[in-house]
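*Asks:* Pasting a structure here, questions to come.
2 protein chains.
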Amino acid sequence: MDDAVDRMMEQWRTVRPELDPSPMGVFGRISRLNRLLEKHINSYFGLFGLEFWEFDMLATLRRAGDDGELTAGALLKASMVTSGAITNRIDRLERKGLVERRQDPADRRSVRVSLTAEGGRLIDEMMAGHFANENRVLEALEDPAVLAGELRKLLISLGDTSLG
Amino acid sequence: MDDAVDRMMEQWRTVRPELDPSPMGVFGRISRLNRLLEKHINSYFGLFGLEFWEFDMLATLRRAGDDGELTAGALLKASMVTSGAITNRIDRLERKGLVERRQDPADRRSVRVSLTAEGGRLIDEMMAGHFANENRVLEALEDPAVLAGELRKLLISLGDTSLG
DNA sequence: GTCAAGTAGTTCAACGTTGAGATATTCTCC
DNA sequence: GGAGAATATCTCAACGTTGAACTACTTGAC
């Protein structure tokens, strides 16, 4: 069976037969999957009144361990958005009562962001369902580890080896 | 060797050992790859003075075949953005002289968008280099068709089987 | 033929991000 | 210990997207 990307590749073969469009088989699919999955997963977050990025920030804080606290800069690096956006996002989560800011006593330039009790409760409540939701999509694969392994090779070759 | 997603999964295993974070092995990686690849590929488009979305629209018109002409609505469906954004994007490509609008004689609600001579020349000039660029990233894999095949399974299970 | 419903595209206010500049603090080196 | 570079965060104007309302045209039912 063909998917939308197969059709695009076929179009290229027709109009530019001398080109080999096979890289689209990987990159076109990653792009489409990313958008479709984001939409799919979003509907789960909606049940808890959260946007994707809100879930992502709470989860980043939660898994950061210990006290579930990170600097604004660490959240910035983890998020792949720009500094202005992070300030804005922390603002909004703070207004919602899910995180709180406090000054780092050791470095007063730094702002430490942590989950509130409510924020911690919310993300803990969501995680199991979130992974279950993702696992349902993976049922289409015989062995998800094959896919995960190939994706890891690409990430490593692109240098994505650290969280910082 | 570990990548950034391995580290995130390890964090989860530490703070919530009862959860199985393995779905991140696929979904976390797709998300990160998507952003990294977009950045990587963008630097090639920059050489031609184009943004990613501009390349994407020109390529969509080019591979649409025949006369390289599509309605605004077809571009809309192909692009995964909203209607206001498409109007805006066609406007800007038109101002750059890369595409042109004309009214569909058969249905006067419809706008047909086509590549100008310059737009066609530009996209034809870019495609070979673009695929070569992507192929360089794929050198990290022994057989890209394995990855492409797994990704196709996911897309099909999510119903992404048509261009419309 | 006419009217209601449907479809194609545009407009525009609200909203979020970008990214450069501003502010405050810390580090480095003499 | 003081000057300048570096770092952490915030501010804000410019810009692009969203999505609902709008205009224009077409289709279908009677």
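Protein chains in written order, with numbering that gives the first Met the number 0: chain H, 0 to 163; chain Y, 0 to 163.
Even glycine gets a Cβ: it sits at the ideal position worked out from N, Cα and C.
These numbers were taken from a predicted model, which means no experiment stands behind them.
(1) Here's a check: name, in chain order, each residue in its chain whose Cβ is nearer than 7 Å to the Cβ of W52(Y), leaving out the five neighbours to either side.
(2) P143(Y) versus chain H: which residues are under 8 Å apart at the beta carbon?
(3) Going by DSSP in three states, T86(Y) sits in which element: helix, strand or coil?
(4) Note the first and the last residue of the continuous alpha helix (DSSP H) segment covering R28(H).
(5) Locate the alpha helix (DSSP H) running through T166(Y), then write down its first and last residues.
(6) Can you tell me the Cα-Cα spacing of D90(Y) and Q10(Y), whole angstroms?
(7) Using CA coordinates, which residue listed in R101(H), E124(H) and M79(H) is at the minimum distance from F44(H)?
(8) Within the 9 Å Cβ cut-off, does L92(Y) reach chain H?
(9) Return the CA-CA distance between E149(H) and S156(H), expressed in angstroms with no decimal places.
(10) In the region 78-138 of chain Y, which residue ranges form an unbroken beta strand (DSSP E) of at least 3 residues, counting only runs that do not cross its ends?
(11) Any idea what DSSP makes of E9(H), helix, strand or coil?
(12) Compare the C-alpha of A116(H) against each of A3(H), R31(H), M7(H) and E93(H) and name the closest.
(13) Using the C-alpha atoms, what's the distance from S30(Y) back to A147(H)?
(14) In the DSSP assignment, what residue or residues form a beta bridge with L69(Y)?
(15) Measuring alpha carbon to alpha carbon, tell me which of A71(Y), G96(Y) and V98(Y) ends up nearest I85(Y).
(16) Can you tell me whether P143(Y) is helix, strand or coil according to DSSP?
(17) How would you list, in chain order, the residues of chain H whose beta-carbon sits under 9 Å from the beta-carbon of D66(Y)?
(18) When the Cα atoms are used, what is the spatial distance from E141(Y) to V145(H)?
(19) At the 9 Å Cβ level, is L121(H) part of the contact set with chain Y, yes or no?
(20) From E138(Y) to G96(H), what distance separates their C-alpha atoms?
(21) So, L74(Y) versus T81(Y), is the Cβ gap smaller than 9 Å?
(22) Taking only beta-carbon positions, decide if L114(H) is within less than 9 Å of chain Y.
(23) Compute the Euclidean distance between the alpha carbons of M0(Y) and D159(H), then round it to the nearest angstrom.
(24) Taking the C-alpha atoms as reference points, what is the distance between S21(H) and F54(Y)?
(25) If you measure between the beta carbons of R101(H) and R108(H), is that distance less than 9 Å?
(26) If we ignore side chains and look at the alpha-carbon of each, how far apart do P143(Y) and V25(H) end up?
(27) In chain order, what residues of the same chain lie with their CB nearer than 8 Å to the CB of A63(Y), ignoring the 5 residues before and after it?
(28) Taking 9 Å as the threshold (C-beta atoms), are L114(H) and G67(H) in contact?
(29) Would A3(Y) and L154(H) be called neighbours here (beta carbons separated by less than 9 Å)?
*Replies:* Walking through what the data contain:
(1) R88
(2) S21, P22, G24 and V25
(3) helix
(4) M23 to G45
(5) In the structure displayed, chain Y extends from 0 to 163; residue 166(Y) sits before or after that span and is not available.
(6) 47 Å
(7) Looking only at R101(H), E124(H) and M79(H), the smallest Cα-Cα distance to F44(H) is reached by E124(H).
(8) no
(9) 11 Å
(10) Listed in chain order, the complete beta strand (DSSP E) runs (minimum 3 residues) inside the region 78-138 of chain Y are 98-102 and 110-114.
(11) helix
(12) E93(H)
(13) So the alpha carbons of these two residues sit roughly 12 Å apart.
(14) V112(Y)
(15) A71(Y)
(16) helix
(17) Within chain H, no residue comes near D66(Y); the closest Cβ sits about 11 Å away, beyond 9 Å.
(18) 13 Å
(19) no
(20) 47 Å
(21) no
(22) no
(23) Taken atom to atom, the span from the alpha-carbon of M0(Y) to that of D159(H) is near 11 Å.
(24) 18 Å
(25) Not in contact: R101(H) and R108(H) (Cβ atoms no closer than 9 Å).
(26) Each residue's CA atom was taken as its position, placing P143(Y) and V25(H) some 7 Å apart.
(27) L69 and A73
(28) Between G67(H) and L114(H), the gap from beta carbon to beta carbon is short of 9 Å.
(29) yes
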